[in-house]
Amino acid sequence: MEPIVYVALGAALAAGIAGAASSFGVGIAGAAAAGAVAEDEKNFRNALVLQG
Numbered sequence: 212m213e214p215i216v217y218v219a220l221g222a223a224l225a226a227g228i229a230g231a232a233s234s235f236g237v238g239i240a241g242a243a244a245a246g247a248v249a250e251d252e253k254n255f256r257n258a259l260v261l262q263g
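The sequence shown begins at 212 in our numbering and counts up by one.
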C-alpha cells in the first residue's frame, strides 16, 4: 500500500476514536446534570454550561 493510505487511515482512526470518546463523556455529563437538575431546579444554569 502507498504511505498516503496509512496516513489517511491513521487520521480517520484518530478522529473517529476522539469523537466516540467525546460523545461517551458528554453522555455521562448529561446524565449527571439531569440528576442534579432533578434534585434542585436552581442547578439548571450550571448544567446548561456543563453541556454547552
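Even glycine gets a Cβ: it sits at the ideal position worked out from N, Cα and C.
- When only Cα atoms are considered, residue 244 and residue 233 end up about 16 Å apart.
- Measuring C-alpha to C-alpha distances from residue 239 to each of 218, 258, 253, 219 identifies 258 as the nearest.
- Where residue 250 is concerned, the enclosing alpha helix (DSSP H) starts and stops at 214 to 250.
- Short of 6 Å from the beta carbon of residue 227, and not among the five residues preceding or following it, lies no beta carbon of its own chain.
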